[in-house]
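What follows is a short report on a single structure.
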Amino acid sequence: MEENKYEGLNLPNYNIPEDIQNVVSITTLDRLYNWGRRWSVWPLMFGLACCAIEMIAAQTARYDMARFGMEVMRPTPRQADMMLVSGTVTKKMLPSIIRLYNQMPEPKYVVAMGACASSGGPFKEGYNVVAGIDKFLPVDVYIPGCPPTPQALIAGMIKLQEKIDKQSIKKVRWYEKGKVDSNYVPMPILGPDLIDVRRNAEYKEAAAKKEGVA
Amino acid sequence: MTAPDSTTTIDLVARFPDFVTADARPGFSGFIVKKENLVEVATTLRDEFGFDLLSNVTGVDYLADNKMEVVYHLHRTTGGPGLVIKVQVERVDPVEVPSLIDVWAGADFQEREAWDLMGIKFIGHPDLRRILMWEGFEGHPLRKDYKEAFFEEEVKPFKSRWPDGKHTYAEFKNPFRDNLKFPEGFDPDKYAPQSEDDLYFSLERSSMKKEEGDLNTDHIVVNMGPHHPSTHGVLRVAVELDGETITSLKPVMGYLHRNHDKIGERNTYLQIIPYTDRLDYFNSMANNFGYVTTVEKLMNIPVAERAEYIRVIMAELSRVQNHLIFIGMLINDLGSMYTPSLYAFEERELILDIFEAVSGARMMCNYFRFGGVVRDIPEDAMQKIKDLVFDRLQAKTDEMERFLNENEVLVARLQGVHVLNAEEAIHHSVTGPVLRAAGVPYDLRRADPYSVYDRFDFDVAVRYNGDMYDNYLIRFDEIRQSLRILEQALKQIPEGPINSQKPQYQVRVPAGEAYGRIESPKGELGFYVVSNGKPNPYRYHVRAPSFVNLTAVETMCKGVKIADFVALLAMLDIVMGEVDR
Ligand code: SF4
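What follows is the structure in structure tokens.
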């Protein structure tokens with residue numbers, strides 16, 4: 001069946017008689033599981049900066065991300081599958097982003113949209129800018145551009161779908177035994193500068209070294 | 001059409017011979033006022049001379065002279081050139097200047113910003129907290145001796161990149177391999193983050209008094225944002241509620257503070273243009289316009305005739321697009337999800353196609369240059385503009401008005417909900433459509449004409465009720481006026497070169513200061529640039545309409561129901577890129 005093949009549900013090389021192709025599919029559990037997830041990636045309704053406007057544009061009539069099952073923007077993280085980091089990540093905003101991420105249930109994905117979210121972009125040198133969200137969150141797909149066009153965004157989403165296709169229910173982290181939330185990120189603190197609590201020891205060492213020199 | 005900064009002929013020195021002197025530095029203008037008498041002079045200027053609008057407040061750090069300067073740009077809502085007053089103080093901590101918040105409430109956020117970024121204390125300001133950075137942040141970043149963590153050199157182009165083009169990642173130069181910088185001996189384990197009590201106390205102070213016999217209910221504080229679908233980006237508001245009624249409210253911003261000013265001061269003049277795109281990211285053309293107009297004022301160069309028209313065409317298309325999105329988003333916020341905004345976005349796409357055809361980018365156009373624009377409009381794009389302006393946009397505006405204006409639900413939600421009256425708006429330095437919907441015909445295209453706007457026949461859109469419905473309708477009025485301007489511009493546009501200057505990487509800007517302003521779709525977009533003759537601006541400040549308009553949000557929302565707050569905020573048409581910069 002033409003559509004099913006396109007949707008990647010059927011296993012190849014099984015000859016299903018033509019008259020029941022519409023109703024019968026021979027597939028694996030992995031494929032079925034991934035097929036269901038890849039067509040219903042619900043993004044978190046979450047705009048940070050200029051890139052968010054292109055994200056909205058991608059939702060509108062001309063580009064219509066709904067074709068990929070991604071139109072259901074959820075304002076609450078509890079119902080979202082994917083966080084689209086669409087814009088500059090500032091130090092002041094970072095704790096909120098981390099909190100949102102921690103509140104998302106598995107399976108969850110992070111897409112860094114645009115130069116800013118990927119690396120700090122044009123504002124990297126700024127004192128309030130985090131040079132890329134990947135310093136804190138595990139990013140699945142990076143989309144280059146400033147801002148990426150809606151087409152580029154959709155291409156990135158397709159990449160994410162391809163990634164989902166390759167996952168296996170046996171190995172995914174959210175079904176691993178004993179792991180409650182394998183992707184929990186500790187909250188950074190806003191101090192004299194951004195304090196990443198995972199790196200406290202390093203900060204202390206550096207402070208001690210500086211004192212030693214002085 | 002670039003004339004040197006025309007200040008008024010008011011002789012303030014004659015009026016206050018004891019404590020006002022004229023600013024005699026070459027290239028500078030205005031008056032220097034003794035700080036002890038600032039409030040007196042300001043009050044006189046407002047009451048006797050009619051400078052009712054405080055456009056801009058900012059500080060300049062003259063490190064070499066060991067001086068800090070606070071600059072005030074004043075204007076009259078009846079139009080005409082402005083007046084600049086300055087206060088100079090010794091650069092020893094604490095730097096203290098009296099606050100003007102009692103004279104113009106519009107000084108509120110701008111003074112807080114100057115405190116946050118430059119460390120100027122405004123004595124008498126009731127709520128002088130940091131505004132863009134968080135409480136507890138170390139240092140005042142816009143001071144000239146502040147060095148950010150990824151600091152490389154004072155100004156660009158960095159020697160490491162030019163002429164040899166060798167450079168390493170900024171991370172490798174920082175001890176933490178990251179954009180981090182801590183004070184000496186800092187111990188993260190012993191650090192206790194500052195609480196947000198100050199913010200909540202500032203709410204308490206302004207809460208309403210109870211009447212005798214009122215039900216004794218607890219007030220609750222609700223934080224909306226920074227992640228909230230209807231705060232138009234990463235704005236946060238702390239709202240104090242009595243039941244459903246807002247008793248007090250404070251916006252908290254800075255969640256998108258991208259250090260525009262600081263990066264701008266390291267950049268060369270030309271390098272700033274693409275950064276201005278990212279201020280109000282709906283209207284990169286308007287931002288470009290404001291910035292190049294200001295620098296052209298300083299450089300005193302003419303603009304190519306054809307380029308002037310192209311600029312106007314682009315700026316007005318941008319306004320049309322902005323207002324359409326405003327209407328779509330407003331109705332989104334009122335609860336009619338998506339459909340109206342889909343209509344708006346459809347037209348926006350067509351306008352963005354034009355931007356893409358002329359500049360190569362849909363949103364971040366980077367299209368204007370000093371003396372003109374970077375490319376001419378291609379033949380087919382010109383045809384598209386004509387089709388849009390003479391045909392499609394008119395019809396679509398009619399269509400939207402037909403669908404929406406008399407819609408019962410919309411009218412019920414909007415009509416009679418007070419936004420601002422003229423007095424409140426002016427007092428809070430609110431500009432743009434919100435001011436005009438309150439009955440003040442103040443449009444910079446007429447009040448202080450720039451570029452070639454004086455050649456077009458158009459009306460300043462005004463409405464008089466100052467309620468939400470008027471604020472909504474005025475957007476349609478402005479679209480119509482923009483289309484009128486566009487029609488004339490398209491008919492009159494001459495052939496010729498598109499830039500009066502040779503293409504150049506490094507422009508020469510004589511020493512001096514300039515404050516340029518344009519009517520952006522959101523209000524008065526001003527740029528304050530101080531040059532010391534070097535390839536980089538010494539001081540570069542953006543007076544963003546969204547930011548200053550937010551000053552009035554508490555006045556607007558006190559006493560209304562929380563459900564209306566979302567719509568009232570939408571009225572201000574803020575863009576966080578511009579609020580936080
Ligand atoms: S990548 Fe560019 S468009 Fe996107 S948020 Fe950053 S500056 Fe804005």
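The listed protein sequences correspond, in order, to chains A and B. Using our numbering, you'd call the opening residue of the first sequence number 1 and step up by one each time. Using our numbering, you'd call the opening residue of the second sequence number 1 and step up by one each time. We put the beta carbon where it would ideally sit given N, CA and C, even for glycine. The structure displayed is predicted, hence computed values, not measured ones.
* Asked: Using the beta-carbon count (16 or more within 10 Å), is His-75 of chain B buried or exposed?
  -> Here the question's residue 75 of chain B lines up with position 75 in the second sequence. Result: buried.
Nearest CA to the CA of Ala-511 of chain B: which residue from B:Glu-424, B:Asp-242, B:Lys-297?
Residue mapping note: residue 511 of chain B aligns to position 511 of the second sequence, counting from 1. Among B:Glu-424, B:Asp-242, B:Lys-297, the Cα nearest to that of Ala-511 of chain B belongs to B:Lys-297.
- Item | Reduced DSSP secondary structure (H/G/I, E/B, other) of Asp-81 of chain A | Within the first sequence, residue 81 of chain A is the residue found at index 81, counting from 1. Asp-81 of chain A falls in the coil class under three-state DSSP.
inquiry  = Comparing C-alpha positions only, which one of B:His-418, B:Tyr-515, B:Asp-261, B:Glu-305 sits nearest to Asp-61 of chain B?
reply    = Counted from its first residue, the second sequence places residue 61 of chain B at position 61. Minimum Cα distance to Asp-61 of chain B is reached at B:Asp-261.
May I ask you to list the residues that DSSP assigns as paired with Met-68 of chain B? If you number the second sequence from 1, residue 68 of chain B lands on position 68. In the DSSP output, where bridge partners are listed per residue, Met-68 of chain B has B:Asp-61, B:Val-89.
Would the beta-carbon of Arg-278 of chain B be found less than 6 Å away from any heavy atom of the ligand SF4? In the second sequence, the residue the question calls residue 278 of chain B occupies position 278. Within the cutoff, so yes.
* Of the residues A:Ala-117, A:Lys-91, A:Met-83, A:Gly-121, the one placed nearest Met-104 of chain A, counting alpha carbons only -> Here residue 104 of chain A refers to the residue found at position 104 of the first sequence. Closest by alpha carbon: A:Met-83.
- CA-to-CA distance, Ala-24 of chain B to Tyr-255 of chain B, given in whole angstroms: What you label residue 255 of chain B is simply residue 255 of the second sequence in a count that begins at 1. What you label residue 24 of chain B is simply residue 24 of the second sequence in a count that begins at 1. So the two alpha carbons sit approximately 40 Å from each other.
Margin query: Check for me: the alpha helix (DSSP H) holding Asp-47 of chain B runs from which residue to which?
Written below: Along the second sequence, read from residue 1 onward, the residue named residue 47 of chain B stands at position 47. 38-47 is the extent of the alpha helix (DSSP H) around Asp-47 of chain B.
request  = Would you decide whether Asn-287 of chain B is buried or exposed? Buried here means 16 or more other CB atoms lie within 10 Å of its CB.
outcome  = Numbered from its first residue, the second sequence carries residue 287 of chain B at position 287. Buried: at least 16 other Cβ atoms inside 10 Å.
Hey, which residues come within less than 6 Å of the ligand SF4, measuring from Cβ to any heavy atom, in chain order?
-> A:Ala-49, A:Cys-50, A:Cys-51, A:Gly-87, A:Thr-88, A:Gly-114, A:Ala-115, A:Cys-116, A:Gly-121, A:Pro-122, A:Cys-146, A:Pro-147, B:Arg-278
Just the chain B side, please: which residues come within less than 8 Å of Asp-193 of chain A by C-beta, in chain order?
-> The count along the first sequence starts at 1 and reaches residue 193 of chain A at position 193. Those are Phe-137, Glu-138, Ala-149, Leu-180, Lys-181, Phe-182, listed as they occur along chain B.
At what residues does the beta strand (DSSP E) containing Asn-223 of chain B begin and finish? Along the second sequence, one-based indexing puts residue 223 of chain B at 223. Residues 220-224.
- Message: Less than 7 Å between the beta carbons of Thr-60 of chain A and Phe-151 of chain B, yes or no?
- Response: On the first sequence, residue 60 of chain A is found 60 positions in, with the first residue counted as 1. On the second sequence, residue 151 of chain B is found 151 positions in, with the first residue counted as 1. No, the pair does not count as a contact, with Cβ atoms beyond the cut-off.
(Q) Excluding the 5 residues flanking Lys-108 of chain A on each side, which residues of the same chain have their C-beta closer than 8 Å to its C-beta? (A) In the first sequence, counting from the first residue as 1, residue 108 of chain A sits at position 108. Within the same chain, Lys-108 of chain A has close Cβ partners Ala-80, Asp-81, Met-82, Met-83, Tyr-101, Asn-183.
Kindly indicate which three-state DSSP category Phe-158 of chain B falls into: helix, strand or coil?
As a working note, residue 158 of chain B is residue 158 in the second sequence. It is coil, neither helix nor strand.
Suppose you measure from the CA of Asp-47 of chain B to the CA of Val-70 of chain B; what does that come to, to the nearest Å? For the purposes of this step, residue 47 of chain B is taken as the residue at position 47 of the second sequence. For the purposes of this step, residue 70 of chain B is taken as the residue at position 70 of the second sequence. Using only the alpha carbons, I get a separation of about 21 Å.
Query raised in the report: Hey, is the segment 371-379 of chain B in contact with the segment 306-314 of chain B, meaning 3+ C-beta pairs nearer than 8 Å?
Result: yes
From A:Asp-30, A:Leu-11, A:Tyr-33, A:Gly-36, residue whose alpha carbon lies closest to that of Val-24 of chain A
Locating residue 24 of chain A in the first sequence gives position 24, where the first residue counts as 1. For Val-24 of chain A, the nearest C-alpha among the options comes from A:Leu-11.
Item checked: CA-to-CA distance, Thr-88 of chain A to Lys-86 of chain B, given in whole angstroms -> For the purposes of this step, residue 86 of chain B is taken as the residue at position 86 of the second sequence. For the purposes of this step, residue 88 of chain A is taken as the residue at position 88 of the first sequence. Taking the straight line from one Cα to the other gives about 35 Å.
- Item | Assigned secondary structure, Leu-12 of chain B (DSSP; H/G/I helix, E/B strand, else coil) | Along the second sequence, one-based indexing puts residue 12 of chain B at 12. Helix at Leu-12 of chain B.
Task: Segment limits, beta strand (DSSP E) that includes Phe-31 of chain B - done: Here residue 31 of chain B refers to the residue found at position 31 when the second sequence is read from its first residue. Start and end: 31-33.
* To do: Please report how far the alpha carbon of Asn-332 of chain B lies from the alpha carbon of Ser-29 of chain B, in whole angstroms.
  => By 1-based counting over the second sequence, the position of residue 332 of chain B is 332. By 1-based counting over the second sequence, the position of residue 29 of chain B is 29. The straight-line gap from Cα to Cα measures roughly 46 Å.
Looking only at DSSP bridge pairs, what is Glu-519 of chain B linked to?
Counting from one through the second sequence, the residue named residue 519 of chain B turns up at place 519. Looking at the DSSP assignment, Glu-519 of chain B forms a beta bridge with B:Glu-524.
Tell me whether the segment 553-560 of chain B and the segment 478-485 of chain B touch, counting them as touching only if at least three CB pairs, one residue from each stretch, are closer than 8 Å.
no
- Cα-Cα, which of B:Glu-478, B:Asp-467, B:Pro-503 is closest to Phe-458 of chain B? Looking up residue 458 of chain B in the second sequence gives position 458. Nearest option by C-alpha distance: B:Glu-478.
Within 7 Å (strictly less), CB to CB, does Leu-11 of chain A reach chain B? Numbered from 1 along the first sequence, position 11 holds the residue referred to as residue 11 of chain A. No, Leu-11 of chain A lies away from the interface with chain B (no Cβ there is under 7 Å from its Cβ).
Q) Mapping DSSP to helix, strand and coil, what is Lys-190 of chain B? A) To locate residue 190 of chain B, count along the second sequence from 1; it is residue 190. Reduced to three states, the DSSP call for Lys-190 of chain B is helix.
For this session: Check the Cβ-Cβ distances between Leu-190 of chain A and every residue of chain B, and say whether any is below 7 Å.
Result: Stepping through the first sequence from its first residue, residue 190 of chain A is reached at position 190. Yes, its Cβ sits closer than 7 Å to a Cβ of chain B.
- Task: Starting from the C-beta of Met-414 of chain B, find all residues in its chain whose C-beta is less than 6 Å away, skip the five residues before and the five after it, and write them out in chain order.
- Result: Counting from 1 along the second sequence, the entry for residue 414 of chain B is found at position 414. The sequence given here places Leu at residue 414 of chain B; Met does not occur at that position. Same-chain partners within the cutoff: Met-468, Tyr-469, Tyr-472.
Contact the segment 89-97 of chain B vs the segment 235-250 of chain B: 3+ CB pairs below 8 Å = no
key: Three-state secondary structure assigned by DSSP to Ala-570 of chain B   = Indexing the second sequence from 1 puts residue 570 of chain B at position 570. Residue state, collapsed to three classes: helix.
(Q) When you compare the segment 187-198 of chain B with the segment 160-168 of chain A, are there three or more beta-carbon pairs, one atom per stretch, that lie closer than 8 Å? (A) no
Excluding the 5 residues flanking Ala-170 of chain B on each side, which residues of the same chain have their C-beta closer than 6 Å to its C-beta?
Working through the second sequence from its first residue, we reach residue 170 of chain B at position 170. Answer for Ala-170 of chain B: Phe-150, listed in chain order.
#### Entry: Per-residue contacts from Thr-149 of chain A into chain B (C-beta, under 7 Å)
Position 149 of the first sequence, counting from 1, holds the residue named residue 149 of chain A. Arg-362, listed in chain order.
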